[in-house]
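What follows is a single structure, written as structure tokens, with notes after it.
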Amino acid sequence: MTAIATFIDRLWNADDKTLRWVLGFLVLALACFNFLRDLNNPNHAFWDESYYLTSTERYIDHTAQYASHPPLGFMFMDLGTKIVGGNKGLNTHPLAEVKKIDSRTLVAGYDFTGIRLMAAVFSVISSMLFFLIVLKLTDEAFEAFVFSLLFVFENAFIVHFRAAHLDPYQMTFTLGSILVWLYTFAREPKRPILTYAAFGLLCGLSFMVKVNSLVMLALGGFSLLRALWIDRDRKALTDGLIRGTAIAGAFAATVVAVFCLHTVLNPKMPDPNTDAGKRDLRYMSARYQDWMGGKAPLSAGVLWDATAGYYSYMKHDFDFEIKAEKNGSQPIAWPLMSKPISYRWDYDGKKTAYTQMVGNPVNWGLSIVGLVGAAVLILRRRSWKDSDLDANRHGQA
Numbered sequence: 000m001t002a003i004a005t006f007i008d009r010l011w012n013a014d015d016k017t018l019r020w021v022l023g024f025l026v027l028a029l030a031c032f033n034f035l036r037d038l039n040n041p042n043h044a045f046w047d048e049s050y051y052l053t054s055t056e057r058y059i060d061h062t063a064q065y066a067s068h069p070p071l072g073f074m075f076m077d078l079g080t081k082i083v084g085g086n087k088g089l090n091t092h093p094l095a096e097v098k099k100i101d102s103r104t105l106v107a108g109y110d111f112t113g114i115r116l117m118a119a120v121f122s123v124i125s126s127m128l129f130f131l132i133v134l135k136l137t138d139e140a141f142e143a144f145v146f147s148l149l150f151v152f153e154n155a156f157i158v159h160f161r162a163a164h165l166d167p168y169q170m171t172f173t174l175g176s177i178l179v180w181l182y183t184f185a186r187e188p189k190r191p192i193l194t195y196a197a198f199g200l201l202c203g204l205s206f207m208v209k210v211n212s213l214v215m216l217a218l219g220g221f222s223l224l225r226a227l228w229i230d231r232d233r234k235a236l237t238d239g240l241i242r243g244t245a246i247a248g249a250f251a252a253t254v255v256a257v258f259c260l261h262t263v264l265n266p267k268m269p270d271p272n273t274d275a276g277k278r279d280l281r282y283m284s285a286r287y288q289d290w291m292g293g294k295a296p297l298s299a300g301v302l303w304d305a306t307a308g309y310y311s312y313m314k315h316d317f318d319f320e321i322k323a324e325k326n327g328s329q330p331i332a333w334p335l336m337s338k339p340i341s342y343r344w345d346y347d348g349k350k351t352a353y354t355q356m357v358g359n360p361v362n363w364g365l366s367i368v369g370l371v372g373a374a375v376l377i378l379r380r381r382s383w384k385d386s387d388l389d390a391n392r393h394g395q396a
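Mapping to numbering that gives the first Met the number 0: the sequence shown position 141 is 140, numbers consecutive.
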């Protein structure tokens, strides 16, 4: 107890730099405890894992494939299975033959640790990025630590991010782009052009996990337009064009690199006798299939066809899916905890256990208050500036 009291006393009286390191390490430790442990529990696929288990198995087999989302997240899942090296004694190949599996028919003894590993690692990285973002905004280590606890102990994140889902990867790259944006688009000091490219790179990585991350580019675009609106001179226009080109160039290069890597790493022709193979081959051009069959060399045309086919698959994947059903939920009703999202349920003969995501009215309320408060502060700041301008004019008169 004396040692703990001494530690707390020293921490309380520590200088700001020491406090940042200590509290940052504490956030890291808590995140590791919440996200990294016991990854094989539950030992069943839940929610989108029913799809992603099959995608990852095709990566393990190096079979060419398309999916509803860009390939980067699945590549990380494949990396996790290679690091852990589990399931080697099991016949998991049938997973590659379909696009979705019934978790009740999964081969007995399947270990989920590998496929979930990188999602958990990225969850820890996200926690640290969130801490750094709040630290940048507040410049107070203790405040950053307290707000980071909301991230680290959020039940929905702990359930969702410890699974083989895409969201931890998207969250990490998105938070990374926000952190770079905070450092890059401040008016002083001026940042090197590489920081703008880093913003584009992170936006590209996030986009290659889920396409809805494209909205992050708007953040950079609006920031460049704001800088041009403030200065309104030729130099500001030139700087804006150079910085915008760096962002767009890094974004495009990232997208191209990931699609090329996805194509080159998976040269095996899909099996036309399987459900997954039939669906994928429908969008694969003859030139792409010739390369996979060893009839043509790898070329820019092959890479283009592979990427165009991926885009076409994503575009038409849900053409015949029913958009609404009795168990569905409407986003506008989520703040009222209407119709929770069920990840999975288990029945042991006596009781049924559910894993669900439910709305949190406290979180929603705080978010709405924050948005309204920010809007009020922005409007008041505008009125304050107008008042200052009027005062200066009267003073000069």
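The C-beta atom is built at its ideal place from N, Cα and C for all residues, glycine as well.
Quick caveat: nothing in here was measured; it's all calculated off a predicted structure.
Option nearest residue i by Cα separation, candidates the options
i: A28; options: W290, F144, W333 and I331; result: F144
i: T115; options: A275, A352, Y65 and Y51; result: The question names Thr, but residue 115 in the sequence shown is Arg. Comparing Cα-Cα distances from R115 to each of A275, A352, Y65 and Y51, the minimum goes to Y51.
i: H61; options: D77, R379 and P69; result: D77
i: G88; options: P296, L25, A107 and F206; result: A107
i: L128; options: L178, L240 and Y282; result: L178
i: M291; options: L18, L22 and Q64; result: Q64
i: Y309; options: L240, T262, K267 and N272; result: T262
i: A307; options: F160, A285, P296 and K294; result: A285
i: D138; options: V123, K99, A249 and K16; result: K16
i: S122; options: F250, Y353 and N33; result: N33
i: R46; options: A163, S126 and I124; result: The sequence given here has Trp at residue 46, not Arg. Ranking the options by Cα distance to W46, first place goes to A163.
i: N39; options: R19, G79 and L18; result: G79
i: P422; options: P266, A118, R231 and D279; result: Only positions 0 to 396 of the chain appear in the structure, and residue 422 is not among them; the question remains open.
i: N154; options: N359, G364 and I367; result: N359
i: L335; options: N362, A352, L280 and D345; result: N362
i: K135; options: I124, T183 and V158; result: T183
Where residue i falls: helix, strand or coil (DSSP)
i: Q329; result: coil
i: T351; result: strand
i: K189; result: coil
i: K98; result: coil
i: K294; result: coil
i: K81; result: helix
i: T91; result: coil
i: K267; result: strand
i: T262; result: helix
i: T112; result: helix
i: D304; result: helix
i: V254; result: helix
i: F32; result: helix
i: L38; result: coil
i: V371; result: helix
i: D14; result: coil
i: W228; result: helix
i: N359; result: coil
i: E48; result: helix
i: H159; result: helix
Close beta carbons around residue i, own chain, < 8 Å, minus the five adjacent residues each side
i: E56; result: T91, H92, L94 and A95
i: H68; result: L165, V208, K209, V210 and M313
i: Q169; result: G72, S205, V208, K209 and S212
i: D304; result: M283, S284, R286 and Y287
i: A275; result: T53, R57, Q64, A95, E96, V97, K98 and P269
Beta-bridge pairing of residue i - partner residues as DSSP gives them
i: Y346; result: T351
i: T55; result: Partner(s): none; T55 has no beta bridge.
i: T62; result: K267
Beta-carbon proximity list for residue i, same chain, < 7 Å, skipping 5 on both sides
i: G220; result: none
i: G85; result: D110, T112 and G113
i: L236; result: L227
i: G300; result: R286
i: S311; result: Y282
Cβ-based neighbour list, residue i, same chain, cut-off 6 Å, excluding 5 preceding and 5 following
i: F172; result: L201, L204 and S205
i: C259; result: L302
i: L22; result: A140 and F144
i: V133; result: A143 and F146
Anticipated Cβ contact below 8 Å, residue i with residue j, distance rounded
i: G199; j: A249; result: 3 Å
i: V26; j: F130; result: 5 Å
i: F75; j: M117; result: 4 Å
Proximity test, Cβ basis, 8 Å: residue i and chain D
i: L22; result: This model lacks chain D altogether; it includes just one protein chain.
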